[in-house]
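Here's the structure we're looking at; comments come further down.
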Amino acid sequence: MKPLNHAELISIAEEYGTPLYVYHAEKIKEQYERLLHAFSGSNTIFFYACKALTNLNVLRYIRNLGANVDCSSINEVKLALHAGFPSSRILYTSNGIDFDEIKEAKELKVYINIDSLSNLEKFGQHFGSTYPVGIRLRPNILAGGNMKISTGHDKSKFGIPVDQIHEILSTVNKYQMRISDLHIHTGSEIKDVDVFLKGIEVLFDIAPHFEDLEFIDLGGGFKVASREGEEETDIPLLAKKVGDAFANHPYKNGRPLQVWFEPGKFLVSAAGSFITKVNVLKKTSAAEFVSVNSGFNHLIRPMFYDAYHHIENISNPEGVVKNYSVVGNICETDTFAWDRPLREVREGDLLVFRNAGAYGFEMSSNFNSRFKPAEVMVLNGKPHLIRRRDQFEDLLRNQQEVI
Ligand code: PLP
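Take 1 as the starting number for the sequence shown in my numbering and just add one per residue.
Structure follows, in structure tokens:
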């Protein structure tokens with residue numbers, strides 16, 4: 001499916017203003033169907049890692065597609081419930097959280113992955129064998145696009161290190177806990193499918209210790225292409241290799257193990273475009289700067305982990321190509337792109353950042369007391385406002401004026 005074209009984006013920007021996030025719903029569907037198609041015939045299901053984008057309309061759209069949802073906070077769990085996911089389709093993969101939150105998740109009857117020995121012990125003490133639970137392991141595998149988005153290596157804070165298996169088993173046995181799921185998530189932007197295979201090997205090694213095991217959760221992290229021609233995770237190859245691995249170990253106590261994945265970026269990244277307007281052009285000896293009406297307060301990925309976003313000047317698509325440094329308008333260095341070839345840019349032009357659906361709006365803030373952008377969803381060819389732009393009152397909301 002083609003991304004939204006220039007004319008569509010310009011017309012949406014004219015109607016709703018900028019900066020603006022625009023999501024193309026059918027692109028999310030296309031991505032989900034690619035997964036379903038590749039894994040058809042295997043016992044695999046998908047939990048959308050909603051940390052990527054939690055707008056209720058996106059959640060509902062994905063719920064209607066039939067996907068499940070993976071949450072990373074109790075509030076995401078509540079948003080998922082609010083969006084109509086039944087608790088049986090919600091997974092909460094916790095990370096360094098207060099045990100009270102795990103208790104709340106248990107009361108809400110969702111699946112839970114525990115990521116520390118401390119919370120495993122508390123879970124055992126409180127609930128013993130009464131509530132099945134999953135364990136997030138750290139498999140000590142280095143994977144992912146770069147260190148900031150790599151989570152399974154031997155210095156990472158995430159999961160219980162697999163070398164602490166004796167401590168895990170001692171807790172599980174002490175409280176006769178029912179461990180239904182073993183989970184790993186080794187990072188984001190994993191192109192090499194063998195990383196998942198390595199993870200499976202680690203989990204298969206320890207799986208026999210867990211009598212009640214039903215699910216193997218391999219996390220998310222599929223790589224998407226952010227530049228033309230860039231390689232993605234080969235999903236059909238992944239499906240084939242995972243299928244083969246499980247074909248050799250399909251049963252645990254006579255029951256097939258179900259495979260879970262938690263894709264975030266893969267589902268929503270390409271569906272999103274972020275439209276900004278050029279405020280100022282500034283020529284210096286170092287660069288020609290294009291300052292847009294945004295910054296890392298709205299799209300932090302380039303500054304936070306060097307993410308690449310393709311940028312197009314949709315107002316002047318036939319202009320001559322020149323090199324520009326695209327920056328924001330906040331009071332910190334907020335470079336979106338350095339020395340990037342773009343069609344000639346003029347003040348007032350609209351620049352669109354592609355692949356902005358995942359971790360774009362979701363990681364935005366009100367830094368510099370700027371408004372968060374509005375969000376629009378294009379559904380069946382029609383744009384719908386799904387979050388209004390902040391207003392001044394939003395900056396005052398929650399503030400207590402004691403002076
Ligand atoms: N699952 C877990 C536990 C995660 O921490 C993340 C991302 O941080 C994801 C899934 C989704 O990763 P991605 O968006 O790269 O697919």
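Don't be surprised by glycine CBs; every beta carbon is placed ideally from N, CA and C. What you are looking at is a predicted structure, and each value in this text was computed from that prediction instead of being measured.
For Glu101, the enclosing alpha helix (DSSP H) covers residues Phe99 to Glu107.
In this structure, Gly220 has its CB closer than 6 Å to one or more heavy atoms of the ligand PLP. Ile114 is bridged by DSSP to Ile135. With respect to the 7 Å criterion, Phe261 and Phe46 are classified as neighbours on the basis of their beta carbons. Just so you know, the alpha carbons of Asp70 and Gln258 end up roughly 16 Å apart. When the five nearest sequence neighbours on each side are left out, the beta carbons in the same chain lying within less than 6 Å of the beta carbon of Val22 are those of Ile12, Ser273 and Val376, in order along the chain.
Under DSSP, the beta-bridge partners assigned to His384 are Met377. Here the C-alpha atom of Gly66 lies approximately 44 Å from the C-alpha atom of Arg346. When the beta-carbon positions are compared, Lys277 and Leu350 come within less than 7 Å of each other.
Apart from the 5 residues on each side of it in sequence, Asp194 sits with its Cβ closer than 8 Å to the Cβ of Lys241 in its chain, given in chain order.
Annotation for Thr186 indicates a beta carbon at 6 Å or more from all heavy atoms of the ligand PLP.
Secondary structure of Asn68 (DSSP, three-state): strand.
Val58 has its alpha-carbon roughly 14 Å from the corresponding atom of Ala374.
Considering only Lys282, Gly134, Ile216 and Pro161, the residue with the shortest C-alpha distance to Arg255 is Ile216. Of the candidates Ser294, Glu201 and Leu267, Ser294 places its Cα closest to the Cα of Val280.
A straight-line Cα-Cα distance of about 12 Å links Leu117 and Phe99. At the C-beta level, Asn297 and Ser369 stay beyond 7 Å of one another. Boundaries of the alpha helix (DSSP H) harbouring Asn75: Ile74 to His82, taken from the DSSP string. Taking Asp390 as the centre and dropping the five residues before and after it, the same chain places the C-beta of Phe371 and Lys372 closer than 6 Å to its C-beta, in chain order. Beta-bridge partners assigned by DSSP to Thr44: Val259. The nearest non-hydrogen atom of the ligand PLP is less than 6 Å from the C-beta of Pro263. Rounded to the nearest angstrom, the gap between the Cα atoms of Ala270 and Gly360 is 11 Å. Relative to the ligand PLP, the beta carbon of Ala307 is positioned no closer than 6 Å to any heavy atom. In this structure, Ala356 is the residue among Asn398, Val321 and Ala356 with its C-alpha nearest to the C-alpha of Pro19.
For Glu26, the enclosing alpha helix (DSSP H) stretches over residues Ala25 to Ala38. In the structure shown, the three-state DSSP call for Val345 is coil. Non-local C-beta neighbours of Gly199 in its own chain, meaning closer than 7 Å and more than five positions away in sequence, comprise Pro139, Ile141, Ile184, Thr186 and Leu218, ordered along the chain. The closest heavy atom of the ligand PLP lies 6 Å or more from the beta carbon of Thr276. Exclusion of the five residues before and after Arg34 leaves Ile235 as the residues of its chain whose Cβ lies within less than 7 Å of its Cβ.
Contact between the segment 382 to 398 and the segment 296 to 312 is not established, with fewer than three Cβ pairs separated by less than 8 Å. Asn173: not part of any beta strand (DSSP E); member of the alpha helix (DSSP H) spanning Ile165 to Lys174, first to last residue. For Leu351, the beta-bridge partners assigned by DSSP are Thr276 and Asn313. In the DSSP assignment, Phe289 falls outside any alpha helix (DSSP H) and within the unbroken beta strand (DSSP E) covering Glu288 to Val292. Per the DSSP secondary-structure output, Thr93 pairs in a beta bridge with Asn113. By DSSP's assignment, Val320 forms no beta bridge with any residue.
For Ser129, there is no enclosing beta strand (DSSP E), since its DSSP letter is neither H nor E.
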